[in-house]
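Q: A single structure is presented below for examination.
Chains as they are written, first to last, in my numbering: chain A, 14 to 232; chain B, 14 to 232.
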């Protein structure tokens with residue numbers, strides 16, 4: 014089905030270095046031949062949320078930038094976030110069995126990125142955002158972030174370099190100005206998307222979910 | 014620190030029904046008083062990727078729309094996706110210990126949403142996308158999607174209604190036309206973001222990650 018063809022796309026004096034395996038198939042996609050490359054295993058995801066993971070470490074609030082997070086369960090509601098084992102934040106989560114996920118707005122991109130550049134082990138990040146506490150008294154919530162998710166640790170899964178922390182959502186706080194009908198409003202939040210080592214705005218709506226697909230059978 | 018104030022914001026003849034607890038704090042955020050509402054526990058995430066989970070079920074390719082996915086580990090590279098236990102796709106993952114995550118472009122939003130509206134148990138979805146196979150012979154990859162991630166099941170975590178499937182990334186296929194310097198290019202991919210029961214385009218870049226934060230200390 015596939016033919017692997019080595020291509021020289023780098024330094025011609027060192028053909029092996031930048032060689033890509035180009036996969037050509039006999040299939041046709043639309044009017045054009047499928048032309049895919051393989052890039053090897055990597056921790057890739059198309060788009061991700063930019064968040065601040067809040068944890069108390071030795072009694073002090075700390076925030077760490079993270080994008081490797083999503084929803085893990087509907088009932089009970091759970092979220093998960095992958096954190097490097099060596100991170101200061103991991104110590105706080107283990108210590109208190111709780112953490113928070115905070116959604117910063119685009120206007121706080123500098124503060125947000127700062128929390129990913131420096132470690133709480135060396136720099137006090139407790140003043141980058143103002144902290145408040147909700148139902149869980151040990152998961153600091155960043156006031157400036159329009160959404161704050163309080164999480165009680167359900168399980169941590171050892172995946173290798175990273176622990177995947179799965180937390181039950183205990184409460185969600187939302188800036189009143191960023192809510193519509195009692196729920197977080199994406200456009201009002203102006204959240205930061207993460208992809209390809211860069212931060213992005215949310216663009217235009219394309220269509221409604223659980224609805225757009227009804228056009229498929231009519232095609 | 015907090016005062017919970019019940020508010021009537023719904024039917025005045027049934028004040029309990031739509032009551033929101035409004036949390037007012039004594040803190041000040043910028044020039045305005047922090048004004049947050051609590052919305053209770055829910056499976057919330059600010060922005061998420063829209064993906065098609067590919068799995069062979071009883072030897073036939075099937076694709077399921079999913080947004081509850083992210084990166085789970087750097088080394089080895091892993092991704093995870095939450096899937097309802099009752100889903101047809103879950104059967105295929107358990108059967109073959111493998112699955113794929115496929116990144117559709119905005120132009121395929123109708124096909125993508127369709128795969129979330131109908132179940133493979135009742136409707137044959139093997140023809141919605143053309144399938145090809147890579148290193149794992151049991152994880153169907155959707156040709157029309159510009160990125161295809163082949164995953165070998167590492168672990169499934171029972172979270173309640175959903176299983177969180179964690180898979181080791183074995184190979185990634187990228188449309189040559191959507192790659193820059195051998196990596197998936199977000200703007201060329203034109204991926205579909207999911208938030209608030211809707212699909213969105215990726216917007217404008219805000220800043221570079223691991224760089225924007227350097228301005229923080231200069232402030």
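Don't be surprised by glycine CBs; every beta carbon is placed ideally from N, CA and C.
(1) Residue 204(A) versus chain B: which residues are under 7 Å apart at the beta carbon?
(2) Using 10 angstroms around the beta-carbon of residue 176(B), count the other beta-carbons present and answer buried if the total reaches 16, otherwise exposed.
(3) Is DSSP giving residue 121(A) helix, strand or coil here?
(4) Please report the straight-line C-alpha distance between residue 108(B) and residue 114(B), rounded to a whole angstrom.
(5) Give the interface partners of residue 223(B) over in chain A, defined as CB-CB distance under 8 Å, in chain order.
(6) Kindly indicate which residue of 199(A), 64(A), 164(A) and 173(A) has the alpha-carbon position closest to the one of residue 97(A).
(7) In the stretch 51-85 of chain B, which residue ranges form an unbroken beta strand (DSSP E) of at least 3 residues, counting only runs that do not cross its ends?
(8) Mind pulling the chain A residues with CB within less than 7 Å of residue 153(B)?
(9) Just mark residue 258(A) as buried or exposed, buried being the case when its beta carbon has 16 or more other beta carbons within 10 Å.
(10) Compute the Euclidean distance between the alpha carbons of residue 111(A) and residue 65(A), then round it to the nearest angstrom.
(11) Please tell me whether residue 106(B) has its Cβ less than 7 Å away from any Cβ of chain A.
(12) Residue 128(A) by DSSP, collapsed to three states: which one?
(13) Can you tell me which of the three DSSP states residue 107(A) falls into?
(14) When the Cα atoms are used, what is the spatial distance from residue 19(A) to residue 124(A)?
(15) Can you tell me the Cα-Cα spacing of residue 211(B) and residue 223(A), whole angstroms?
(16) Buried or exposed: which applies to residue 200(B), given that a residue is buried once 16 or more other Cβ atoms fall within 10 Å of its Cβ?
(17) Using beta-carbon positions only, say whether residue 61(A) and residue 102(A) come within less than 7 Å of one another.
(18) By the three-class DSSP mapping on this structure, what secondary structure does residue 155(A) have?
(19) In chain B, which residues lie with their C-beta within 8 Å of the C-beta of residue 173(A)?
(20) Can residue 118(A) and residue 90(A) be called in contact, C-beta distance under 7 Å?
(21) Would residue 216(B) count as contacting chain A if we go by Cβ distances under 7 Å?
(22) Checking 7 Å against the spacing of the C-beta atoms, do residue 156(B) and residue 143(B) come in under that value?
(23) Below 6 Å CB to CB, which residues in the same chain sit around residue 79(B) once its five sequence neighbours on both sides are set aside?
(24) So which residues on chain A does residue 219(B) lean against when the C-beta distance must stay under 8 Å?
(25) For the ligand ADP, I want to know if residue 120(A) counts as a neighbour, meaning its beta carbon is within less than 6 Å of at least one of the ligand's heavy atoms.
(26) Grab the span of the alpha helix (DSSP H) containing residue 201(B) for me, first residue to last.
(27) What are the residues in the stretch 60-85 of chain A lying within 9 Å of chain B by C-beta distance?
(28) If I'm right that residue 58(A) touches residue 92(B) with Cβ under 8 Å, what's the distance once you round it to whole angstroms?
(29) Since residue 204(B) contacts residue 116(B) with CB under 8 Å, what's their CB separation in whole angstroms?
(30) Which stretch, first to last residue, makes up the beta strand (DSSP E) that contains residue 216(B)?
(31) Could you spell out the range, first to last residue, of the beta strand (DSSP E) harbouring residue 186(A)?
(32) Report all residues from its chain with a CB closer than 7 Å to the CB of residue 213(A); omit the five preceding and five following residues, and keep chain order.
(33) Which residue marks the beginning of the beta strand (DSSP E) containing residue 169(B), and which one marks its end?
(34) Between which two residues does the beta strand (DSSP E) holding residue 207(B) run?
(35) Near residue 146(B), what residues of its chain come up, given a Cβ to Cβ distance below 8 Å and the 5 sequence neighbours on each side ignored?
A: Short version:
(1) As a first step, residue 204(A) must be located in the first chain, where it is residue number 191. Under a criterion of Cβ atoms nearer than 7 Å, the residues of chain B adjacent to residue 204(A) are, in order, 59 and 60.
(2) Walking along the second chain from the start, residue 176(B) turns up at place 163. Looking at its Cβ environment, which holds 16 or more other Cβ atoms inside 10 Å, residue 176(B) is buried.
(3) The residue labelled residue 121(A) in the question sits at position 108 within the first chain. The three-state secondary structure of residue 121(A), taken from DSSP, is helix.
(4) For the purposes of this step, residue 108(B) is identified with residue 95 of the second chain, where counting begins at 1. For the purposes of this step, residue 114(B) is identified with residue 101 of the second chain, where counting begins at 1. Taking the CA atoms as reference points, residue 108(B) sits about 17 Å from residue 114(B).
(5) Taking the first residue of the second chain as position 1, residue 223(B) is located at position 210. Chain A residues near residue 223(B): 126, 129, 130 and 210.
(6) As a working mapping, residue 97(A) is identified with position 84 in the first chain. Distances from the CA of residue 97(A) to each of 199(A), 64(A), 164(A) and 173(A) were compared; the closest alpha carbon is that of 173(A).
(7) Listed in chain order, the beta strand (DSSP E) elements of length 3 or more contained wholly in the stretch 51-85 of chain B are 64-70 and 73-79.
(8) Within the second chain, residue 153(B) is the residue found at index 140, counting from 1. Simply none; closest approach about 13 Å.
(9) Any answer about residue 258(A) is impossible in this case: the structure gives chain A only from 14 up to 232.
(10) By one-based count along the first chain, residue 111(A) stands at place 98. By one-based count along the first chain, residue 65(A) stands at place 52. The alpha-carbon of residue 111(A) is positioned some 14 Å away from that of residue 65(A).
(11) Residue 106(B) sits at position 93 when you count from the first residue of the second chain. No - not a single Cβ of chain A is within 7 Å of the one on residue 106(B).
(12) Taking the first chain and counting its residues from 1, the one referred to as residue 128(A) is at position 115. It is helical.
(13) As a working mapping, residue 107(A) is identified with position 94 in the first chain. Looking at residue 107(A) - three-state DSSP - the assignment turns out to be helix.
(14) To locate residue 19(A), count along the first chain from 1; it is residue 6. To locate residue 124(A), count along the first chain from 1; it is residue 111. Its pLDDT being 31, under 50, residue 19(A) is placed unreliably by the model, and the measurement read from it follows with that caveat. Cα-Cα distance, rounded: 44 Å.
(15) Here residue 211(B) refers to the residue found at position 198 of the second chain. Here residue 223(A) refers to the residue found at position 210 of the first chain. Rounded to the nearest angstrom, the two C-alpha atoms are 8 Å apart.
(16) Along the second chain, one-based indexing puts residue 200(B) at 187. Exposed, since its Cβ has fewer than 16 Cβ neighbours within 10 Å.
(17) Residue mapping note: residue 61(A) aligns to position 48 of the first chain, counting from 1. Residue mapping note: residue 102(A) aligns to position 89 of the first chain, counting from 1. No, Cβ-Cβ distance for residue 61(A) and residue 102(A) is not below 7 Å.
(18) Counting from 1 along the first chain, the entry for residue 155(A) is found at position 142. In this structure, residue 155(A) counts as strand in the three-state DSSP scheme.
(19) Position 160 of the first chain, counted from the start, is the residue given in the question as residue 173(A). From the beta-carbon of residue 173(A), the residues of chain B found nearer than 8 Å are 86, 87, 88, 89 and 91.
(20) Position 105 of the first chain, counting from 1, holds the residue named residue 118(A). Position 77 of the first chain, counting from 1, holds the residue named residue 90(A). Judged by beta-carbon spacing, residue 90(A) lies beyond the 7 Å limit of residue 118(A), meaning their Cβ atoms are not closer than that value.
(21) The residue you call residue 216(B) lines up with position 203 of the second chain. For residue 216(B), the answer is yes, since a Cβ of chain A falls inside 7 Å of its Cβ.
(22) Walking along the second chain from the start, residue 156(B) turns up at place 143. Walking along the second chain from the start, residue 143(B) turns up at place 130. Yes, these two residues count as a Cβ contact at 7 Å.
(23) Here residue 79(B) is taken as the residue at index 66 of the second chain, counted from 1. Around residue 79(B): 64, 66 and 94.
(24) Numbered from 1 along the second chain, position 206 holds the residue referred to as residue 219(B). In chain order, 119, 122, 205, 211, 212, 213 and 214 make up the part of chain A whose C-beta sits under 8 Å from the C-beta of residue 219(B).
(25) With respect to the ligand ADP, the structure shown offers nothing to examine, as it has no ligands at all.
(26) Residue 201(B) sits at position 188 when you count from the first residue of the second chain. Residue 201(B) -> alpha helix (DSSP H) spans 199-202.
(27) Contacts with chain B (Cβ-Cβ distance below 9 Å) from the stretch 60-85 of chain A involve 60, 61, 62, 63, 64, 78, 80, 81, 82, 83, 84 and 85, listed in chain order.
(28) Mapped onto the first chain, residue 58(A) falls at position 45. Mapped onto the second chain, residue 92(B) falls at position 79. Confirmed, Cβ separation roughly 6 Å.
(29) The residue given as residue 204(B) occupies position 191 in the second chain. The residue given as residue 116(B) occupies position 103 in the second chain. Cβ atoms of residue 204(B) and residue 116(B) come within 8 Å of each other, at about 5 Å.
(30) Locating residue 216(B) in the second chain gives position 203, counting from the first residue. Residue range 211-221 is occupied by the beta strand (DSSP E) that includes residue 216(B).
(31) Along the first chain, one-based indexing puts residue 186(A) at 173. Per DSSP, residue 186(A) is one residue of the beta strand (DSSP E) stretching across 175-188.
(32) Translated into positions along the first chain, residue 213(A) becomes position 200. Answer for residue 213(A): 206, listed in chain order.
(33) Against the second chain, residue 169(B) aligns to sequence position 156. In the DSSP assignment, residue 169(B) falls within the unbroken beta strand (DSSP E) covering 160-171.
(34) Indexing the second chain from 1 puts residue 207(B) at position 194. Here the beta strand (DSSP E) through residue 207(B) covers 206-208.
(35) As a working mapping, residue 146(B) is identified with position 133 in the second chain. Same-chain partners within the cutoff: 152, 153 and 154.
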